[in-house]
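Numbering (the numbering used here), first residue to last: 4 to 617.
This is how it looks when you write it as structure tokens:
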């Protein structure tokens with residue numbers, strides 16, 4: 004009864020009305036943030052789940068009492084005194100109660116076995132998570148079966164009690180007629196015993212039906228709240244509390260904290276290979292709550308976890324929080340994120356995806372918190388930063404996860420502050436007082452000397468000759484060479500990797516609105532036309548996403564190439580409705596929009612004004 008009292012105390016006021024979907028507008032509620040509203044709804048749903056679980060456990064206990072009473076007392080001690088009506092009714096109720104307990108236990112165990120895992124093959128990506136839907140559906144079927152059986156028991160018992168005057172509980176011919184006093188006592192004991200059984204059945208059935216109704220009402224309202232935001236975290240939290248209370252104990256279920264549950268939920272979804280775009284959508288409200296309630300500190304702590312999936316969840320969280328207020332100020336989170344980029348498993352991919360999401364968002368919103376890009380802050384312990392770490396990872400000969408690294412670099416290079424950093428870092432090796440334009444000219448010649456043989460002489464005559472110095476060993480020169488090599492590579496490098504290599508390379512070469520000379524433009528145009536094509540895309544990869552199309556068309560537009568026929572490929576859109584693939588007409592409209600926006604940002608000489616604005 005402690006949990007019933009706690010629930011009634013928690014449900015008092017506007018909390019329960021908010022959960023049930025009723026309108027209750029008050030001044031304090033208008034001032035609540037979205038995270039506070041979500042937390043209040045989660046706490047209310049938690050104690051509602053505890054109440055339903057308490058009733059379910061109480062029904063199970065009363066059911067076992069009824070079964071024990073029927074087998075040990077009625078059918079064991081008074082079976083010869085029962086009339087046919089009661090014998091068959093007690094036997095039927097006994098079987099129905101046993102069946103209900105069995106079904107309840109069986110469905111509870113079966114729910115735990117349901118696992119939905121996203122396909123590893125990109126051709127079969129669904130960008131969905133059907134596990135909660137399947138579990139909820141099975142749980143509802145089990146609840147309905149249990150409620151129907153309980154209702155049948157209740158109706159049968161009520162009918163019997165209503166007609167007890169015409170059908171006595173005991174047989175007048177039974178017992179020892181020579182001992183009338185003992186016979187009367189035995190008959191009275193039988194009457195009391197059978198009345199106790201019928202009352203236990205009525206109480207148990209009433210509790211079971213009430214538990215079912217409360218569970219249906221609460222869960223349907225929670226589902227309605229979740230459907231409005233396409234977020235299933237509240238419904239999953241309710242189910243988790245209910246299941247923990249049923250399978251383990253009420254106290255263990257009450258100890259479940261919302262913040263820890265959110266972290267476990269995200270880790271579990273990533274473990275089942277649910278795509279991170281879908282994970283972000285399914286946990287949008289939970290992520291906001293986690294960010295506002297010590298989630299950053301927990302993410303920092305879990306980045307040292309020995310559990311791979313908790314580590315992966317922590318590495319993905321900064322990217323999920325890209326749009327949260329003042330995320331750029333949490334430098335401790337970025338320092339730990341940088342260490343995870345060296346990982347050899349999903350934690351490294353998650354860290355690189357987070358860097359990509361953050362850098363893209365800051366670029367798209369033209370965010371300027373300070374003169375220094377958030378990823379350029381140096382760790383006070385090893386003096387390293389995220390941008391330099393990405394460059395080092397790309398330059399290393401080991402090409403594992405090269406696509407994720409290139410995407411992160413390209414996203415960072417959209418911001419002029421990152422490009423300034425790379426140029427300023429290498430400027431001393433190019434000579435005193437050298438401008439960015441002269442550095443670009445020398446890098447162009449360096450690239451063509453090694454890769455564009457036929458264009459080398461044209462570049463030398465078009466720009467400043469390269470002095471025999473040490474600039475070739477600078478990070479900027481090495482990076483541009485590596486990007487050009489990846490772009491020039493054959494089928495061993497995926498088309499998506501070539502797309503982001505080309506875009507990052509052009510971002511660096513066009514820094515400061517520097518014009519590419521005719522030879523450079525000709526060489527890059529031919530190289531991009533040969534390497535970034537629909538034909539090669541079909542061979543080495545089977546799908547693209549919108550960001551890939553946008554990057555490829557921006558690059559092709561910069562060098563004056565026509566658009567590709569993307570409508571013949573599988574373009575994935577992780578949307579909530581309409582399927583995982585974009586229709587051909589939407590792809591064509593999107594390509595036209597991207598190219599139109601790109602041309603608006605270029606000068607008459609086809610020069611990109613600022614890659615970050617595209």
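Every residue, glycine too, gets a C-beta built ideally from N, C-alpha and C.
Of 371, 154 and 316, the smallest CA-CA separation from residue 206 is found for 154. DSSP, reduced to helix, strand and coil, places residue 85 within a strand of the structure shown. Contact fails between the stretch 83-99 and the stretch 241-253, because fewer than three Cβ pairs, one in each stretch, are under 8 angstroms apart. Taken through DSSP and simplified to helix, strand or coil, residue 575 comes out as strand. The stretch 201-218 makes contact with the stretch 130-149; the number of CB pairs closer than 8 angstroms reaches 3 or more.
Inside the stretch 222-256, DSSP marks whole alpha helix (DSSP H) runs of 4 or more residues at positions 236-250, from first to last along the chain. In the pairwise beta carbon analysis, the stretch 391-404 is classified as not touching the stretch 360-376: fewer than three pairs are separated by under 8 angstroms.
When the alpha-carbon of residue 378 is set against those of 397, 385, 358 and 384, the nearest one is in 358. In the displayed model, residue 562 falls within coil according to three-state DSSP, outside both helix and strand.
With fewer than three CB-CB distances shorter than 8 angstroms, the stretch 274-294 does not count as touching the stretch 251-259. One Cα belongs to residue 589, the other to residue 37, and the distance between them is close to 34 angstroms.
Note that the stretch 513-527 touches the stretch 436-451; at least 3 beta-carbon pairs, one per stretch, sit closer than 8 angstroms.
Under the 10 Å beta carbon count, residue 450 is surrounded by 16 or more other beta carbons and is classified as buried.
Looking at the DSSP output, residue 173 shares a beta bridge with 85.
Shown here for residue 551: same chain residues with a beta carbon closer than 7 angstroms to its own, the five before and five after excluded, namely 499 and 502 in chain order. Taking a C-beta distance under 8 angstroms as the contact criterion, residue 226 and residue 211 do not qualify as a contact pair. Check the Cα spacing between residue 342 and each of 222, 294 and 382: the tightest is with 382. Per the DSSP secondary-structure output, residue 484 pairs with nothing in a beta bridge. When only Cα atoms are considered, residue 575 and residue 368 end up about 24 angstroms apart.
In the structure shown, the three-state DSSP call for residue 605 is strand. Boundaries of the alpha helix (DSSP H) harbouring residue 338: 334-343, taken from the DSSP string. Residue 115 has its alpha-carbon roughly 42 angstroms from the corresponding atom of residue 412. Here residue 548 carries a strand assignment [DSSP, helix/strand/coil]. Residue 514 counts as buried, since no fewer than 16 other beta carbons sit within 10 angstroms of its beta carbon. Contact between the stretch 476-489 and the stretch 428-438 is present: three or more C-beta pairs spanning the two stretches fall below 8 angstroms.
Of all C-beta pairs linking the stretch 521-530 to the stretch 550-570, three or more are shorter than 8 angstroms, placing the two stretches in contact. Between residue 170 and residue 46, the CB-CB gap reaches or exceeds 8 angstroms. The stretch 99-110 makes contact with the stretch 64-72, as at least three CB pairs between them are under 8 angstroms. In the assembly as shown, residue 321 is a buried residue. Its beta-carbon has 16 or more other beta-carbons within 10 Å. In the three-state reduction of the DSSP assignment, residue 584 falls in the strand class, which pools E and B. Proximity to residue 160 across 447, 88 and 107 peaks at 88, based on C-alpha coordinates. For residue 135, the enclosing alpha helix (DSSP H) begins and ends at 134-165. With a contact defined as Cβ atoms closer than 8 angstroms, residue 286 and residue 236 qualify at about 5 angstroms.
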